[in-house]
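Going by my numbering, the sequence shown opens with residue 32, and the numbers climb by one from there.
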Amino acid sequence: MEWFSTLSLALGSAWTSGINLYATVSVLGLLQKLGGVKLPGGLDVLDNWVIIGVAGGLYIVEFFADKIPYVDSVWDVVHTFIRVPAGAIVAYAAVSDMSPAVVIPATLVGGGFALASHGTKAAARIGANLSPEPVSNWVLSLVEDVIAFAGTLLAVFAPFIIVVVLALFAIFFLWFFPKVFRAVKRLFNATAAFFRGEGFKEVARKAG
């Protein structure tokens with residue numbers, strides 16, 4: 032069942048990359064570096080201290096940026112073009128030693144899960160920013176951090192459980208898709224504003 036463990040790790044870590052890429056990379060790297068875990072395929076490069084250090088540093092930046100209203104939405108705008116392709120790359124790296132007939136679909140599905148989780152996160156953040164109190168951002172951010180860390184650990188150590196989690200998320204996403212679609216549309220509008228050089232407030236307004 033090694034193929035199943037590899038696939039579940041590929042898709043599970045791609046999914047968590049869409050939520051918090053830097054937490055995912057840090058955990059995977061530390062598990063191989065210190066935890067005696069042998070990551071499949073090309074993921075073994077993540078045990079490099081430079082990669083772990085950079086990912087850990089960016090996680091700390093995201094930890095604080097994610098908890099500030101509107102800053103979190105701008106952060107999501109920028110990371111629309113980072114988390115999704117990175118999720119696909121993580122999935123590809125995990126299955127890179129397998130048959131091309133598996134590698135290509137796994138990469139595409141992994142990218143899809145990263146896009147879905149990123150879009151769901153962005154939609155939830157937009158809703159939180161419309162709330163009159165700031166607690167929602169802190170709660171959502173902490174929940175996302177827990178999901179990212181726990182999901183990555185499940186992807187490594189509990190392949191059957193992470194597959195169930197992914198299936199439940201897929202069902203939820205189909206129901207939540209209209210809201211996510213509108214959120215992603217706002218993100219792309221905000222991204223266009225960002226690259227046009229519009230001010231921070233205008234980018235945040237279009238994101239939320």
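For every residue, glycine included, the Cβ atom is placed at its ideal position computed from N, Cα and C.
It should be emphasised that the depicted structure is a prediction, and the values quoted were computed from it without experimental measurement.
Quick one: residues in its chain with C-beta nearer than 6 Å to the C-beta of residue 97, no 5 flanking neighbours on either side, listed in chain order?
103, 172
If contact is defined by three or more beta carbon pairs under 8 Å, each pair taking one atom from either stretch, is the stretch 192 to 206 in contact with the stretch 70 to 87?
no
Among residues of its own chain, excluding the 5 on either side of residue 138, which ones have a beta-carbon nearer than 6 Å to its beta-carbon?
119, 122, 123
Applying the 10 Å Cβ sphere with the 16-neighbour rule, what's the burial state of residue 130?
exposed
In the structure shown, what three-state DSSP assignment does residue 128 receive?
coil
Within 10 angstroms of its Cβ, does residue 142 collect 16 or more other Cβ (buried), or is it exposed?
buried
Any beta carbon of chain B sitting closer than 8 Å to that of residue 81?
Of the chains in the structure shown, none is chain B; there is only one protein chain.
Identify the continuous alpha helix (DSSP H) that holds residue 69 and give its terminal residues.
Element bounds for residue 69: n/a, residue is neither H nor E.
Drop a sphere of 10 angstroms on the beta-carbon of residue 88, count the other beta-carbons inside from all chains shown, and report buried for 16 or more, exposed for fewer.
exposed
For the pair the stretch 47 to 64 and the stretch 105 to 119, tell me if three or more CB-CB distances fall below 8 Å.
yes
How many angstroms separate the CA atom of residue 148 from the CA atom of residue 46?
6 Å
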